[in-house]
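J.: Sharing a structure, written as structure tokens. Questions coming.
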DNA sequence: TCACATAATTAGTTAGCACTAACTAATTTG
DNA sequence: CAAATTAGTTAGTGCTAACTAATTATGTGA
């Protein structure tokens, strides 16, 4: 019944991740959180003085999971080519298994209200971009000469994020990781291919 | 002071687009809308019986602008290659000039609350995808043989959406259309390039 | 076993929200 | 110009949210 504070805090953060995935992070109430962990509403305020502190802890927990997920891939075996594909795959799998992350990225809380939250997630995105860029630069077979690794990495980041947005808009009806693998392969084939003409430039208004 | 209803309705929708861009669509209150058009709050309810009806009208207005923007490009001069680049450019410019659109796409209202809104925006995305796919299929120089136009179009949609998300996360600090032009060129060069090896497949976990 | 720290509760407060009822003033129309 | 229509107002309802004060129960170390 009565539990030590650190354990309770973890329980609460877990409940928030659950609830945010189901009903969205913006209308998430402290009452709903309290119900989920079988406490009264003011008890939550004992552990988190204000709601934004709760969001801060949630973001910290997500950041930890994400960087750990990436480290697992980067420290593993395989060349840059394999690691690149594995990194994207791992990221998509993580997003798929924790829908709360996307819900928070798209949330009002992050987009407008909570600058701290926004900074954390933007930082994570840039870390992800940095890993991709490094792998693209290392493995020369990942991208042909003349391709800027920074831009190429942004294309892959956009692939992940754009795909994730479509997954959200369709109500999470397809397999994020599955669709991602196919599109990534197409994308990498393009980046790796010997310099193709870019016929569509120039006349763009 | 007193105005005919259709004009007032348009004013109100305009105010919503303004306010949604600034403070986000979710915490947008009927009071704020009323203040913006110099009316009392209940006056808004004379024109829109409930808040969701207001959102419906806003979505309708955005859909109209968007399809008109696309038609302008598609009915204009130029081959498929030029049109493809122009379409993406036009879309990014539209998103840049009306930040409310992205705010709504990322909103709780759309993501969780309002299924009608979600359907409208998903429909728009698929229309955009359809146009891209058509242009890719028509202009053979836009994508090399063996590239599925459906998937290639999804890559470009993801480019637009992922870039837009990054633009939002960074607080709209860079030029959406400018960055988009550069990335699109890289993307199209890849799709157009003579079949490159896809070295990064296979070992993805 | 008894004091002490702390987890949790009960019972509020304050504020903001969508929405309504009843009424008033302006515009249009016969 | 009178009657009907319609755009707008004032005042208020009911609800739900975050957060607080005072108090009670629970586990822990001397």
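Residue numbers (the numbering used here), protein chains in the order written: chain A, 942 to 1146; chain B, 942 to 1146. Note that CB positions come from ideal geometry on N, CA and C, so glycine has one too. Just so you know, these numbers come straight off a predicted model, no measurement behind them.
Alpha helix (DSSP H) containing residue 1032 of chain B: first to last residue?
T.: Per DSSP, residue 1032 of chain B belongs to the alpha helix (DSSP H) from 1021–1038.
J.: For chain A, is any of its Cβ atoms less than 8 Å away from the one on residue 1062 of chain B?
T.: Yes - at least one Cβ of chain A is within 8 Å of the one on residue 1062 of chain B.
J.: Which stretch, first to last residue, makes up the alpha helix (DSSP H) that contains residue 1127 of chain B?
T.: Per DSSP, residue 1127 of chain B belongs to the alpha helix (DSSP H) from 1117–1133.
J.: Excluding the 5 residues flanking residue 965 of chain A on each side, which residues of the same chain have their C-beta closer than 8 Å to its C-beta?
T.: Taken in chain order, the residues that qualify are 1044, 1048.
J.: Please name the residue in B/1098, B/994, B/1034 whose C-alpha comes closest to that of residue 1118 of chain B.
T.: Nearest option by C-alpha distance: B/1034.
J.: Who are the neighbours of residue 968 of chain A on chain B, taking C-beta pairs under 9 Å?
T.: By Cβ distance, chain B contributes 967, 1049, 1053, 1054.
J.: Could you tell me which chain A residues have their CB closer than 8 Å to the CB of residue 1092 of chain B, listed as they occur along the chain?
T.: Those are 1123, 1124, 1127, listed as they occur along chain A.
J.: Using a Cβ-Cβ distance cut-off of 8 Å, determine whether residue 1075 of chain B contacts chain A.
T.: Not closer than 8 Å to any Cβ of chain A, the Cβ of residue 1075 of chain B fails to qualify, so no.
J.: What did DSSP end up calling residue 1008 of chain B once you bin it into helix, strand or coil?
T.: Here residue 1008 of chain B sits in helix by DSSP.
J.: Under a three-way DSSP split, which group does residue 1064 of chain A fall into?
T.: Residue 1064 of chain A falls in the helix class under three-state DSSP.
J.: Against chain B, with Cβ distances strictly below 8 Å, would residue 1099 of chain A count as a contact?
T.: At least one chain B Cβ lies under 8 Å of residue 1099 of chain A.
J.: List, in chain order, every chain B residue whose beta-carbon is nearer than 8 Å to that of residue 1111 of chain A.
T.: Within 8 Å Cβ-Cβ: 1063.
J.: Counting only C-beta atoms, is residue 1106 of chain B closer than 8 Å to chain A at any point?
T.: Output row for residue 1106 of chain B: interface = yes.
J.: Below 8 Å on the Cβ atoms is my guess for residue 1030 of chain B versus residue 1121 of chain B; work out the distance and round it to an integer in Å.
T.: Between residue 1121 of chain B and residue 1030 of chain B the Cβ distance is about 7 Å, and since that is below 8 Å, they are a contact.
J.: Residue 1080 of chain B to residue 1022 of chain B, Cα distance in whole Å?
T.: C-alpha separation (whole angstroms): 6 Å.
J.: Do the stretch 1053–1063 of chain B and the stretch 1070–1090 of chain A meet, that is, are 3 or more Cβ pairs less than 8 Å apart?
T.: The stretch 1053–1063 of chain B is not in contact with the stretch 1070–1090 of chain A.
J.: Between residue 1059 of chain B and chain A, is the shortest Cβ-Cβ distance under 8 Å, so that the two count as touching?
T.: True, the Cβ-Cβ gap to chain A drops below 8 Å.
J.: Starting from the beta carbon of residue 1096 of chain B, find every residue of chain A whose beta carbon is closer than 8 Å, and list them in chain order.
T.: 1100, 1124, 1127, 1128, listed in chain order.
J.: How do the stretch 1061–1073 of chain B and the stretch 1000–1015 of chain B stand: do at least 3 beta-carbon pairs fall below 8 Å, yes or no?
T.: A contact exists between the stretch 1061–1073 of chain B and the stretch 1000–1015 of chain B.
J.: To the nearest whole angstrom, what separates the beta carbons of residue 1074 of chain B and residue 1091 of chain B, a pair I think is in contact under 8 Å?
T.: Sure, about 6 Å apart at Cβ, within 8 Å.
J.: Compare the C-alpha of residue 1066 of chain B against each of B/1099, B/1133, B/1077, B/1024 and name the closest.
T.: With distances taken between Cα atoms, residue 1066 of chain B lies closest to B/1099.
J.: Just to confirm my understanding: we take residue 973 of chain A, look at its own chain, exclude 5 residues before and 5 after, and list those with CB closer than 7 Å. What are they?
T.: For residue 973 of chain A, where only same-chain residues beyond five positions count, the Cβ hits under 7 Å are 960.
J.: Within this structure, are the beta carbons of residue 1072 of chain A and residue 1028 of chain A separated by less than 8 Å?
T.: Their beta carbons are under 8 Å apart, which means residue 1072 of chain A touches residue 1028 of chain A by this criterion.
J.: Does any CB atom of chain B fall closer than 8 Å to the CB of residue 1117 of chain A?
T.: Chain B, which has no Cβ nearer than 8 Å to the Cβ of residue 1117 of chain A, makes this no.
J.: Let's test the definition: count the other Cβ atoms within 10 Å of the Cβ of residue 1024 of chain B and tell me whether it reaches 16, buried, or not, exposed.
T.: Buried, because 16 or more other Cβ atoms sit within 10 Å of the Cβ of residue 1024 of chain B.
J.: Can you have a look at residue 1140 of chain A and say buried or exposed, based on whether 16 or more other CB atoms are within 10 angstroms of its CB?
T.: Here residue 1140 of chain A scores only 44 on pLDDT, less than 50, and its place in the model is too uncertain to base an answer on.
J.: Relative to the C-alpha of residue 1036 of chain B, which residue among B/981, B/1107, B/968, B/948 is closest?
T.: Among B/981, B/1107, B/968, B/948, the Cα nearest to that of residue 1036 of chain B belongs to B/1107.
J.: Chain B beta carbons: is any one of them nearer than 8 Å to that of residue 1007 of chain A?
T.: False, the Cβ-Cβ gap to chain B never drops below 8 Å.
J.: For a test of the three-state rule: what should DSSP assign to residue 942 of chain A, helix, strand or coil?
T.: Note: residue 942 of chain A maps to coil in three-state DSSP.
J.: Do residue 991 of chain A and residue 982 of chain A have their CB atoms nearer than 8 Å?
T.: Taking 8 Å as the Cβ cut-off, residue 991 of chain A and residue 982 of chain A do not qualify as a contacting pair.
J.: Tell me the residue span of the alpha helix (DSSP H) that contains residue 1102 of chain A.
T.: Segment 1090–1110, the alpha helix (DSSP H) holding residue 1102 of chain A.
J.: I'd like to know whether the C-beta of residue 947 of chain B is nearer than 8 Å to at least one C-beta of chain A.
T.: Not one chain A Cβ lies under 8 Å of residue 947 of chain B.
J.: Cβ of residue 1132 of chain B within 8 Å of Cβ of residue 1017 of chain A?
T.: Cβ distance not < 8 Å, so residue 1132 of chain B and residue 1017 of chain A don't count as in contact.
J.: Leaving out the 5 sequence neighbours to the left and right, which residues in its chain are closer than 8 Å to residue 986 of chain B when beta-carbon positions are compared?
T.: Around residue 986 of chain B: 971.
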